[in-house]
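Residue numbering for the sequence shown follows the working numbering, beginning at 9 and increasing consecutively.
What follows is a set of notes on a single structure, which appears directly below.
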Amino acid sequence: MKKPDFSALARQNIRSLTAYEAKEIPCRVKLDANESPYAPDLALSSQVMASLNRYPDPQGLALKKALSKEYAVAERQILLGNGSDEIIYNLIIAFGGPVLYPVPTFSMYGIISQAIGEQGIGIPLQSDFSLDLRKMLAAIRKLQPKIVFLSSPNNPTGNSFERKAIEEILHVSDGIIVVDEAYQPFSKEKSFIPELKRFSNLAVLRTFSKIGLAALRLGYIIADEGMIAEVNKVRLPYNVNALSQALALESLCRKTESRAGVKKIVAERTRVVKELKSMPGVESCPSDANFILFRLSNADAVHKALIRSGVLVRNMSVMIPDALRVTIGTPDENAAFCAALRTIIKERS
Ligand code: PMP
């Protein structure tokens with residue numbers, strides 16, 4: 009039998025798709041994936057360990073109960089996912105397209121739309137990375153998207169979108185508006201969760217990944233229970249494993265620890281912004297998240313030089329010309345990044 013041409017065998021929409029880049033480049037200082045540098049000190053109970061022969065709770069009821077208390081919403085309004093990525097996937101499977109989002113933004117909205125064979129529509133942000141409300145509203149009216157994704161704070165630009173603009177989009181849209189709050193814990197803006205009472209087409213997406221538990225792969229969505237019921241139909245059975253459910257539950261009981269981590273990251277963000285501002289030729293963008301987007305000439309070469317110095321940041325220049333994105337790490341990691349960047353800039357001038 010001759011080896012099949014797998015690319016030709018793949019569905020048309022998969023052939024032209026590029027896989028999400030989650031490259032593992034070993035580096036001493038890892039500031040590329042918007043993880044928290046602080047791992048909470050959690051432990052699994054003997055009860056969880058003694059039940060490893062059984063499937064996990066298919067609904068994640070204990071965790072949903074804790075989340076429902078935390079956010080004052082009904083348990084039926086919550087759905088858990090193997091990372092919020094999986095929930096984005098399930099939303100698009102359940103409701104289909106067109107799927108609309110501002111660009112640049114989190115690339116999975118577009119990648120998943122294409123993978124499923126739905127139309128993804130990117131509406132450019134303004135030059136200061138704020139929403140182009142006029143264009144967004146016109147596109148929503150004309151194209152009637154089933155789902156609009158708004159990452160606020162936005163990845164990779166770091167800014168939160170104006171609350172009034174999001175509310176206006178909620179008012180005019182007949183489809184679902186997903187406010188992706190992966191980075192909300194680091195923001196000065198309040199969560200949209202209380203707005204669920206006002207807008208039945210709103211869905212708020214959250215994750216444990218950015219607050220110290222990326223390894224768990226655990227995200228959740230809070231929305232109208234009718235919307236949750238539809239997404240639940242396409243959710244794979246036992247999508248969230250027992251270890252992640254138990255550890256996430258424990259982390260919710262020890263909120264002070266994760267809040268302390270967030271506080272340290274926000275304080276460090278101010279310090280790193282100040283440092284970047286003092287470097288010649290570096291333009292940093294205001295950030296409400298646990299990362300900072302910055303621009304400088306020869307970003308590709310600087311990215312490579314940083315890796316050689318043992319510091320890994322994310323090269324965003326395919327999406328935004330001459331842009332790199334640095335995640336806020338521990339004070340020592342941030343100092344190592346700033347020192348390395350300063351040296352590289354000096355050597356190149
Ligand atoms: N939304 C946004 C805006 C993100 O940046 C990310 C991760 N980079 C995710 C969702 C997915 O997070 P996770 O699957 O780890 O919950």
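C-beta atoms are modelled at their ideal positions from N, C-alpha and C, and glycine is treated no differently.
At the level of alpha carbons, what is the spacing between residue i and residue j?
i: R350; j: R316; result: 14 Å
i: N298; j: L69; result: 30 Å
i: D13; j: I120; result: 23 Å
i: N21; j: T215; result: 29 Å
i: C293; j: V280; result: 12 Å
i: D232; j: P48; result: 32 Å
i: L314; j: P110; result: 30 Å
i: T338; j: L50; result: 20 Å
i: I86; j: I96; result: 14 Å
i: G269; j: K10; result: 55 Å
i: A58; j: N240; result: 28 Å
i: D308; j: D330; result: 7 Å
i: L108; j: P66; result: 31 Å
i: G166; j: N61; result: 43 Å
i: L25; j: E126; result: 13 Å
i: I129; j: Q122; result: 10 Å
i: F114; j: Q55; result: 38 Å
i: L17; j: G289; result: 48 Å
i: E238; j: F103; result: 8 Å
i: G234; j: D93; result: 21 Å
i: G183; j: Y191; result: 24 Å
i: S135; j: L255; result: 41 Å
i: L221; j: S44; result: 8 Å
i: R225; j: K218; result: 11 Å
i: R171; j: N249; result: 35 Å
i: A347; j: M144; result: 41 Å
i: F169; j: L139; result: 6 Å
i: I33; j: A41; result: 11 Å
i: L213; j: P112; result: 19 Å
i: R356; j: S160; result: 35 Å
i: I201; j: K354; result: 46 Å
i: E203; j: I174; result: 11 Å
i: R23; j: G118; result: 15 Å
i: K196; j: C261; result: 24 Å
i: S15; j: M116; result: 21 Å
i: S266; j: S181; result: 35 Å
i: K272; j: Y46; result: 10 Å
So who's on the other strand from residue i, going by DSSP bridges?
i: N323; result: L332
i: F345; result: For F345, which the question treats as bridged, DSSP gives no partner whatsoever.
i: I443; result: What the structure shows of the chain is the stretch from 9 to 357, and residue 443 is not part of that stretch, so it cannot be assessed.
i: G130; result: Y109
i: V56; result: DSSP lists no partner for V56.
i: V310; result: None, per the DSSP bridge assignment.
i: V37; result: V319
For residue i, name the three-state secondary structure that DSSP assigns.
i: G269; result: helix
i: A103; result: Sequence check: residue 103 is Phe here, not Ala. It is helical.
i: L43; result: Correcting the residue type first, residue 43 is Glu in the shown sequence and not Leu. Coil at E43, not helix or strand.
i: E32; result: coil
i: S292; result: strand
i: F14; result: helix
i: L410; result: Nothing about residue 410 can be reported from this structure: the residues present for the chain run from 9 to 357 only.
i: P48; result: coil
i: T278; result: helix
i: D340; result: helix
i: N21; result: helix
i: L139; result: coil
i: R350; result: helix
i: R262; result: coil
i: R62; result: coil
ask   = Near ligand 1, which residues have their beta-carbon closer than 5 Å to a heavy atom?
value = G91, S92, D93, F114, S159, N163, D188, A190, T215, S217 and G227
Start-end ranges of the beta strand (DSSP E) lying completely within the segment 187-260, minimum 3 residues = 210-215 and 227-231
request  = Output the residue ranges of the beta strand (DSSP E) runs that lie fully inside the segment 64-125 and measure 3 residues or longer, sorted by chain position.
outcome  = 86-89 and 107-111
Uninterrupted alpha helix (DSSP H) stretches inside the segment 143-183 (no shorter than 4 residues) = 171-180
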